[in-house]
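Everything below concerns the one structure shown next.
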Amino acid sequence: MTTPSPDDLLTRLRNFHSDYFPRHQQRFQDLVAQGQHPKTLFIGCSDSRLVPYLLTGAGPGELFIVRNVGAFIPPYDGSHGWHGTMAAIEFAVLSLEVERIVVCGHSHCGAIRAAYEGVPEEARALKIWLKLASEALLPVRTSAEALRRTEQRAVVLQLERLMGYPMVQRRVEAGKLTLHGWHYVIEDGEIHVFDAKQGDFIAASLASNPGTGPYREYVEHDGQILCD
Ligand SMILES: [Zn+2]
Numbered sequence: 034m035t036t037p038s039p040d041d042l043l044t045r046l047r048n049f050h051s052d053y054f055p056r057h058q059q060r061f062q063d064l065v066a067q068g069q070h071p072k073t074l075f076i077g078c079s080d081s082r083l084v085p086y087l088l089t090g091a092g093p094g095e096l097f098i099v100r101n102v103g104a105f106i107p108p109y110d111g112s113h114g115w116h117g118t119m120a121a122i123e124f125a126v127l128s129l130e131v132e133r134i135v136v137c138g139h140s141h142c143g144a145i146r147a148a149y150e151g152v153p154e155e156a157r158a159l160k161i162w163l164k165l166a167s168e169a170l171l172p173v174r175t176s177a178e179a180l181r182r183t184e185q186r187a188v189v190l191q192l193e194r195l196m197g198y199p200m201v202q203r204r205v206e207a208g209k210l211t212l213h214g215w216h217y218v219i220e221d222g223e224i225h226v227f228d229a230k231q232g233d234f235i236a237a238s239l240a241s242n243p244g245t246g247p248y249r250e251y252v253e254h255d256g257q258i259l260c261d
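Residue numbers for the sequence shown follow the working numbering, so the first one is 34 and each next one is one higher.
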């Protein structure tokens with residue numbers, strides 16, 4: 034079988050059905066018969082280079098995924114707006130009862146760069162959306178280092194916002210849910226996990242846990258981002 038070009042979508046669909054699916058058929062059918070019970074809500078940037086299944090080694094049924102530009106989380110306001118990310122968080126926490134939420138940003142994030150540099154005038158929704166990162170921006174000239182730090186600060190900011198969701202806060206405080214902040218460095222193939230106790234991102238190869246920590250202790254630092 035020749036490898037299809039990335040644009041040959043029909044060939045790829047046929048290959049999935051004829052090649053991948055038969056080898057995993059039972060798994061898919063069990064997931065239909067028993068329903069899905071993912072333990073993780075993965076909130077990631079839409080960037081094509083971030084591949085949640087590859088990074089976590091997860092298979093079908095393991096990750097409930099919501100992705101958007103920047104891996105941002107809107108503040109919880111209980112409104113009836115058409116907000117996909119908010120709805121996904123509510124569904125994952127209240128109905129699926131996930132045990133952990135991962136917020137995953139990454140290096141060379143176009144959303145973070147655009148938050149500094151702006152977007153085309155016509156991109157009105159994007160312009161508003163990027164305001165969700167504004168508190169993470171640094172009052173410095175953009176540089177590779179500043180962008181990297183901002184990407185990490187943005188991840189922590191989103192964790193903080195998650196704690197504003199009543200159903201999240203309740204479960205975190207009851208010890209039923211943990212929050213994890215990750216920063217994926219594409220060129221190194223390494224995830225750096227936010228350690229709330231140290232207030233910094235630690236390379237997963239050196240970390241002692243997947244980024245969980247005494248989150249309340251962190252929050253009591255009055256929202257200070259400590260990874261400077
Ligand atoms: Zn991104």
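Each residue gets a CB set at the ideal place from its N, CA and C atoms; glycine is no exception. Just so we're clear, the structure is a prediction, and the values are computed from it rather than from any experiment.
Query                                                                                                                                                                   : Result
Consult DSSP for L74 and reduce its assignment to one of helix, strand or coil.                                                                                         : strand
Nearest-angstrom Cα distance between V252 and Q59?                                                                                                                      : Legend: pLDDT at V252 = 43, less than 50; position of this residue unreliable, value from coordinates given subsequently. Distance between the alpha carbons of V252 and Q59 is about 44 Å.
Whole angstroms are fine: how far does the CA of H113 sit from the CA of A120?                                                                                          : 10 Å
With distances taken from each beta carbon to the nearest heavy atom of ligand 1, which residues come in below 6 Å, in chain order?                                     : C78, D80, G103, H139, C142, G143 and A144
Please classify L163 as buried or exposed, where buried requires at least 16 neighbouring CB atoms within 10 angstroms.                                                 : buried
Considering Cα atoms alone, identify which of S140, V126, S51 and A166 is closest to D221.                                                                              : S140
Between D255 and the rest of its own chain, which residues show a CB-CB distance below 7 Å, the 5 nearest in sequence each way excluded?                                : Because D255 carries a pLDDT of 43, less than 50, the predicted location of this residue cannot be relied on, and the following value inherits that uncertainty. Cβ neighbours of D255 beyond the five flanking positions: none.
Can you tell me which of the three DSSP states E206 falls into?                                                                                                         : helix
According to DSSP, G214 sits in a beta bridge with which residue or residues?                                                                                           : V136
How many Å lie between V189 and R174 at the Cα?                                                                                                                         : 21 Å
If we cut at 9 Å on Cβ distances, does F227 have a partner in chain D?                                                                                                  : Given the protein chain composition of this structure (a single chain), no chain D is represented.
What span of residues does the alpha helix (DSSP H) with H57 cover, start to end?                                                                                       : F54 to Q67
Exposed or buried, what is R249 when buried is set at 16 or more other beta-carbons lying within 10 Å of its beta-carbon?                                               : Its pLDDT being 45, under 50, R249 is placed unreliably in this model, and the value from its coordinates should be taken loosely. Counting Cβ neighbours within 10 Å, R249 comes out exposed, since fewer than 16 surround it.
Mapping the DSSP letters down to three states, classify R100 as helix, strand or coil.                                                                                  : strand
Excluding the 5 residues preceding and the 5 following L74 in the sequence, name in chain order all residues of the same chain whose CB lies nearer than 6 Å to its CB. : F97, A125, V131 and I134
Determine contact between the segment 179-196 and the segment 101-111, defined as no fewer than three beta-carbon pairs at a distance below 8 Å.                        : yes
Starting from E223, follow the beta strand (DSSP E) in both directions and report where the run begins and ends.                                                        : E223 to D228
Determine the DSSP secondary structure at F234, reduced to helix, strand or coil.                                                                                       : strand
Short of 7 Å in beta carbon distance, which residues of its chain neighbour A179, apart from the five on each side in sequence? Order them along the chain.             : L171 and V173
Is the segment 149-163 touching the segment 67-84 in the sense that three or more CB pairs, one from each, lie closer than 8 Å?                                         : no
Given a cut-off of 9 Å on the beta-carbon distance, is the pair A166 and A177 in contact?                                                                               : no
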